[in-house]
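Notes follow the structure.
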Amino acid sequence: EEELPDALDENFSQEEEEEDSESDTSAVAGLSPDSSVAFISRNYVKCLTPPVEAQEQVLKPALVCSLFPNVPPTIYFSTRDERVEKLPWEQRKLLRWKMSTVTPNIVKQTIGRSHFKVSKKSNDWLGCWGHHMKSSNFRTIREHQKLNHFPGSFQIGRKDRLWRNLLKMQTRFGKKEFNFFPQSFILPQDIKLLRKAWEEGASRQKWIVKPPASARGIGIQVIHKWSQLPKKRPLLVQRYLHKPYLIGGSKFDLRIYVYVTCYDPLRVYLFKDGLVRFASCKYSSSMKSLSNKFMHLTNYSVNKKNTEYKSNSDESACQGHKWALKALWSYLTQKGINSEAIWEKIKDIVIKTIIASETYVNSLVKMYVRRPYCCHELFGFDIMLDENLKPWILEVNISPSLHSNTPLDVSIKGQMIRDLLNLAGFVLPSTHKTASRPGTGSSSTSSLGSAVKEKSKSASELFIAEKMKKAFYLTQKEPNQDFYSSVLDVLTPDDVRILVETEDEYSRRGQFERVFPTHISTRYLHFFEQPRYFNILAIQWELKYYLDKHKGLELLRNWCDKGYHTGAGADLAQMVS
Numbered sequence: 037e038e039e040l041p042d043a044l045d046e047n048f049s050q051e052e053e054e055e056d057s058e059s060d061t062s063a064v065a066g067l068s069p070d071s072s073v074a075f076i077s078r079n080y081v082k083c084l085t086p087p088v089e090a091q092e093q094v095l096k097p098a099l100v101c102s103l104f105p106n107v108p109p110t111i112y113f114s115t116r117d118e119r120v121e122k123l124p125w126e127q128r129k130l131l132r133w134k135m136s137t138v139t140p141n142i143v144k145q146t147i148g149r150s151h152f153k154v155s156k157k158s159n160d161w162l163g164c165w166g167h168h169m170k171s172s173n174f175r176t177i178r179e180h181q182k183l184n185h186f187p188g189s190f191q192i193g194r195k196d197r198l199w200r201n202l203l204k205m206q207t208r209f210g211k212k213e214f215n216f217f218p219q220s221f222i223l224p225q226d227i228k229l230l231r232k233a234w235e236e237g238a239s240r241q242k243w244i245v246k247p248p249a250s251a252r253g254i255g256i257q258v259i260h261k262w263s264q265l266p267k268k269r270p271l272l273v274q275r276y277l278h279k280p281y282l283i284g285g286s287k288f289d290l291r292i293y294v295y296v297t298c299y300d301p302l303r304v305y306l307f308k309d310g311l312v313r314f315a316s317c318k319y320s321s322s323m324k325s326l327s328n329k330f331m332h333l334t335n336y337s338v339n340k341k342n343t344e345y346k347s348n349s350d351e352s353a354c355q356g357h358k359w360a361l362k363a364l365w366s367y368l369t370q371k372g373i374n375s376e377a378i379w380e381k382i383k384d385i386v387i388k389t390i391i392a393s394e395t396y397v398n399s400l401v402k403m404y405v406r407r408p409y410c411c412h413e414l415f416g417f418d419i420m421l422d423e424n425l426k427p428w429i430l431e432v433n434i435s436p437s438l439h440s441n442t443p444l445d446v447s448i449k450g451q452m453i454r455d456l457l458n459l460a461g462f463v464l465p466s467t468h469k470t471a472s473r474p475g476t477g478s479s480s481t482s483s484l485g486s487a488v489k490e491k492s493k494s495a496s497e498l499f500i501a502e503k504m505k506k507a508f509y510l511t512q513k514e515p516n517q518d519f520y521s522s523v524l525d526v527l528t529p530d531d532v533r534i535l536v537e538t539e540d541e542y543s544r545r546g547q548f549e550r551v552f553p554t555h556i557s558t559r560y561l562h563f564f565e566q567p568r569y570f571n572i573l574a575i576q577w578e579l580k581y582y583l584d585k586h587k588g589l590e591l592l593r594n595w596c597d598k599g600y601h602t603g604a605g606a607d608l609a610q611m612v613s
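This is the structure:
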């Protein structure tokens, strides 16, 4: 996506080469396995932001304790004005990161501050920020490892798949719920439908043509004649949003950062800040202007080539051709516009878009991923506001640009990645006795079922009880709220484990806002192709305790004290009944 400005290309050509290379070896060239990964980009950071004096840095513990007893701590990731303590060597030697040719500098800097080293083996790493993989390759990820992708996420990450999935949802639930994306056609298969729509449209209609799997504005053009339609296939052809909301006469789009930590139960977060990217030429609806990419495209990689492009280093300023999202909300609020209402609409369409591919992703996760812990993903949603301030989804990126070539980028993306890695909840491998601090328990969430396995008979009874409960709540034809709320009456160990994970994760959210599950998420349940028991459970928990979090946390602490999340203290007879 975004590229380094031309003036910096010479200094940082290595990163540019890494973006294009498919080899993992170049990412660690010249760096010994025991060197901190932060070294790779030390000079890069210095040129963007003033260094923080060591004595001014706040010392932070290396591990974040869980809210609950007998649950392992997670690794802490700091900001630039914090210093993370060093763990004892037995634990510190486990902090290994697998480098990829596409690992962004901002990620390298953040993990380096937590004393991660580059992995010199193929299987001793804890985390990797890399390429997407074929679904079957996810089998190679071990239980203690995390990759920044889910199998099948290209179902919304490719333009053609995104529109297919959203169109399917629109067909099922109507335009009232799914009318936030432009009318789209995928060629060659939709050529007759496109021709029909074209002939039925107005004489001065505009269409935008995109390759289905490209980025950075490559291959995109706006047309108004059938003869201008490229002969090369495949193509995505969309009705052009010809009446965008303008600021200073220019059109713009929003880059919204969406983070999914789990698909079952579904947990979706939005970062509270983002980027506003302006076209560098004032907008005109004239047909003669359609070839002007600086007017009609908002991609940074396109507009940076315009001599009129103005950068912006101040995240609070409404100036130049790139703003912080929070600056836009302030600007609109000063104009008397309810920016909070726009944000609520954006949250709604993000949730629906994620749900559109949920069935496909979940089936692949269950087929190829050892445990949900192994995957997490950051999506970059590109959203445009029309003249009525209605948000429209333009596309979704599964590898959003994290290049940080200005103080504005460093501030927003740096904070976002730091909060994301804390939210991810990296845990030291449980096979080592030193994996957690005294008093926090030595078992990780991967071994929460170990106590159950000790008694095969109890385990069998517990499994049957949990299976019966799930089936009971998934087979009702017309469930109502009273029925759903009873899911909390008796909690199984599996229930407690999921709720503990959900609450622990929420406590580490930083500047991310959780948009699913919340106390109002019940309205989204009917959009799921298959009902998910844990979604029902998490939403009902939120409904019951969102106004009294303390009460809910105390309840979970009591269950963890009794070993419920491991099955050790479960009253099986009560659960079966």
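Residue numbers (this note's numbering): 37 to 613.
In this text, a Cβ means the ideal position worked out from N, Cα and C, and glycines have one as well.
Since we're looking at a predicted model, the values are computed, not measured.
- Val338 and Asp518 have their C-alpha atoms some 54 Å from each other.
- Contact between Glu118 and Lys153 is absent: CB atoms are separated by about 19 Å, not below the 8 Å threshold.
- Counted as a single uninterrupted DSSP element, the alpha helix (DSSP H) harbouring Gln451 occupies residues 443 to 460.
- Selection Lys346, Gln127, Ser322, Val401 evaluated against Ser172 yields Val401 as nearest (Cα-Cα).
- Under the three-state reduction of DSSP output, Val100 falls in the strand class.
- Unbroken beta strand (DSSP E) stretches of 3 residues or longer found wholly inside the segment 230 to 304: 243 to 246, 257 to 259, 271 to 275, 288 to 299, given in chain order.
- Pairwise C-beta distances place the segment 535 to 549 in contact with the segment 295 to 312, as three or more of them are shorter than 8 Å.
- Restricted to the segment 532 to 606, the beta strand (DSSP E) segments that are unbroken, complete and at least 3 residues in length are 548 to 552, listed in chain order.
- If only complete runs of 4 or more residues are kept, the segment 351 to 398 shows the alpha helix (DSSP H) at 361 to 370, 375 to 392, in order along the chain.
- In the three-state reduction of the DSSP assignment, Pro408 falls in the helix class, which pools H, G and I.
- For Ile192, the enclosing alpha helix (DSSP H) starts and ends at 190 to 193.
- Shortest Cα-Cα distance from Val120 to any of His357, Pro140, Thr146, Phe104 involves Thr146.
- Following the DSSP letters along the chain, one finds Lys144 inside the alpha helix (DSSP H) bounded by residues 141 to 149.
- Taking every protein chain shown into account, the CB of Gly188 has 16 or more other CB atoms within 10 angstroms, so this residue is buried.
- For Val536, the CB contacts under 7 Å within the same chain, skipping 5 residues up- and downstream, are Phe104, Val107, Leu592, Cys596, His601 in chain order.
- Across the structure, Leu203 and Pro124 are spaced so that their CA atoms are roughly 54 Å apart.
- Secondary structure in the segment 157 to 229: the beta strand (DSSP E) runs of 3 residues or longer, each lying completely within the stretch, are 220 to 223 in chain order.
- Secondary structure note for Val432: its beta strand (DSSP E) is the uninterrupted segment 427 to 433.
- Nearest C-alpha to Cys411 among Gly461, Leu364, Ala377, Phe314: Gly461.
- The beta carbon of Asn215 is closer than 6 Å to none in its chain, skipping five residues each way along the sequence.
- CA-CA distance, Phe314 to Met331, rounds to 9 Å.
- Pairing Ser437 with Gly450 gives a Cβ-Cβ distance that is not under 8 Å.
- Note that the C-beta distance between Leu302 and Ile373 is not below 8 Å.
- The three-state reading of DSSP puts Met420 in strand, counting E and B together.
- Separation of the CB atoms of Ser393 and Asn201 is rounded to 5 Å, and the pair is thereby assigned contact status at 8 Å.
- Here Arg149 is buried: its Cβ has 16 or more other Cβ atoms, across all protein chains shown, within 10 Å.
- The Cβ atoms of Tyr305 and Leu459 sit closer than 8 Å to each other.
- Inclusion of Ala360 and Leu444 in the CB contact set at 8 Å is warranted, their separation being smaller than that value.
- Between the segment 278 to 292 and the segment 414 to 422, the count of Cβ pairs shorter than 8 Å is three or higher; the stretches touch.
- Nearest in C-alpha terms to Val100, of all of Glu92, Thr110, Gln93, Val94, is Thr110.
- Within 10 angstroms of the beta-carbon of Lys383 lie 16 or more other beta-carbons, which makes it buried.
- Counting of Cβ neighbours within 10 angstroms places Val273 among the buried residues, the total reaching 16 or more.
- In the three-state reduction of the DSSP assignment, Glu126 falls in the helix class, which pools H, G and I.
- Bridge pairing for Ile111: Leu99 [DSSP].
- In the displayed model, Lys503 falls within a helix according to three-state DSSP.
- For the pair Ile448 and Glu549, the Cα-to-Cα distance works out to about 15 Å.
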